[in-house]
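Engineer: Below you will find the structure I want to go over with you.
Residue numbers (the UniProt record's numbering): 1 to 259.
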């Protein structure tokens with residue numbers, strides 16, 4: 001049986017229609033009008049009535065499905081992995097050295113390290129080892145090709161191609177790779193000592209002639225000494241040229257440069 005709690009408004013008294021399935025015994029009088037009529041209003045929950053379970057969403061919208069899937073699935077989001085720490089041992093692909101003027105850079109310019117020996121240099125190496133003559137200062141030299149042009153003189157601005165190697169054969173720099181020779185004043189300290197002495201001559205070493213090719217073996221004291229060169233940190237292994245390294249250079253004296 002259904003009961004209606006509706007009655008007309010009397011003397012300006014507001015009323016509202018309420019329909020409930022609860023029996024009259026569960027109704028509670030809310031107020032009494034001047035005519036003696038009792039208006040009933042059903043409580044929100046009838047006494048003794050069982051509470052219905054909360055409604056279950058049956059929405060099949062994409063957003064609802066997404067929210068349900070997020071509630072059911074654990075969070076598997078991974079933190080982005082950090083890049084590996086800088087490896088100071090892996091500097092060969094980032095650094096190189098070329099000889100430069102002392103007033104700009106005492107010995108070396110940065111460049112790209114060669115990953116392979118250039119064909120021209122490899123062809124010369126394949127022809128056999130060049131026997132070195134060693135001077136009292138420890139510099140070794142050998143003329144692979146004796147030039148036919150003018151001799152290099154101290155203070156001249158000259159052009160020279162070169163390939164620099166460590167004793168283990170690692171090529172650390174080459175002007176051939178850049179496609180142009182190095183230009184500098186020879187014999188005045190703009191480059192390392194071994195280069196000045198190996199090109200201009202001295203201690204029984206003849207000066208190089210234009211067009212000539214000479215191999216130089218430089219002990220540390222005539223190269224970069226205890227400091228090395230191209231270092232990226234405090235560790236010796238971070239250097240392109242490690243401290244106390246003996247270096248080998250294949251030098252081609254192109255000739256005098258026009259200033």
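Glycine residues also receive a C-beta, built at the ideal position from the N, C-alpha and C atoms. This one's a predicted model, so the numbers in the text were calculated from it and none came from an experiment.
With burial defined as no fewer than 16 other Cβ atoms inside 10 Å of the residue's Cβ, what is the status of residue 190: buried or exposed?
Structural biologist: Translated into positions along the chain shown, residue 190 becomes position 190. Buried, because 16 or more other Cβ atoms sit within 10 Å of the Cβ of residue 190.
Engineer: Drop a sphere of 10 angstroms on the beta-carbon of residue 216, count the other beta-carbons inside from all chains shown, and report buried for 16 or more, exposed for fewer.
Structural biologist: Counted from its first residue, the chain shown places residue 216 at position 216. By the 10 Å Cβ count, residue 216 comes out buried.
Engineer: Going by beta-carbon coordinates alone, are residue 175 and residue 182 separated by less than 8 Å?
Structural biologist: By one-based count along the chain shown, residue 175 stands at place 175. By one-based count along the chain shown, residue 182 stands at place 182. Against a cut-off of 8 Å, the Cβ pair of residue 182 and residue 175 comes out as a contact.
Engineer: I need the straight-line Cα distance from residue 196 to residue 188, nearest angstrom please.
Structural biologist: As a position in the chain shown, residue 196 is number 196, starting the count at 1. As a position in the chain shown, residue 188 is number 188, starting the count at 1. Looking at the two C-alpha atoms, the distance is approximately 7 Å.
Engineer: At the level of alpha carbons, what is the spacing between residue 241 and residue 135?
Structural biologist: Here residue 241 is taken as the residue at index 241 of the chain shown, counted from 1. Here residue 135 is taken as the residue at index 135 of the chain shown, counted from 1. Spanning the two alpha carbons is a distance of roughly 23 Å.
Engineer: Which stretch, first to last residue, makes up the beta strand (DSSP E) that contains residue 224?
Structural biologist: If you number the chain shown from 1, residue 224 lands on position 224. Run containing residue 224: none; DSSP gives neither H nor E here.
Engineer: Could you tell me the distance, in whole angstroms, from the CA atom of residue 222 to the CA atom of residue 213?
Structural biologist: Sequence index remark: in the chain shown, residue 222 carries index 222 (1-based). Sequence index remark: in the chain shown, residue 213 carries index 213 (1-based). Spanning the two alpha carbons is a distance of roughly 20 Å.
Engineer: So, at 6 Å on beta carbons, what are the nonlocal neighbours of residue 228 in its own chain, with the 5 sequence-adjacent residues on each side left out?
Structural biologist: One-based indexing of the chain shown puts residue 228 at position 228. Hits under 6 Å: 239, 241, 242, 243.
Engineer: Could you tell me the distance, in whole angstroms, from the CA atom of residue 132 to the CA atom of residue 185?
Structural biologist: Position 132 of the chain shown, counted from the first residue, corresponds to residue 132. Position 185 of the chain shown, counted from the first residue, corresponds to residue 185. Taking the straight line joining both Cα atoms gives about 26 Å.
Engineer: For residue 230, which of 168, 172, 139, 248 has the nearest alpha-carbon?
Structural biologist: Numbered from its first residue, the chain shown carries residue 230 at position 230. Among 168, 172, 139, 248, the Cα nearest to that of residue 230 is on 172.
Engineer: Which residue from 149, 249, 155, 259 puts its Cα closest to that of residue 166?
Structural biologist: Numbered from 1 along the chain shown, position 166 holds the residue referred to as residue 166. Per the Cα distances, 249.
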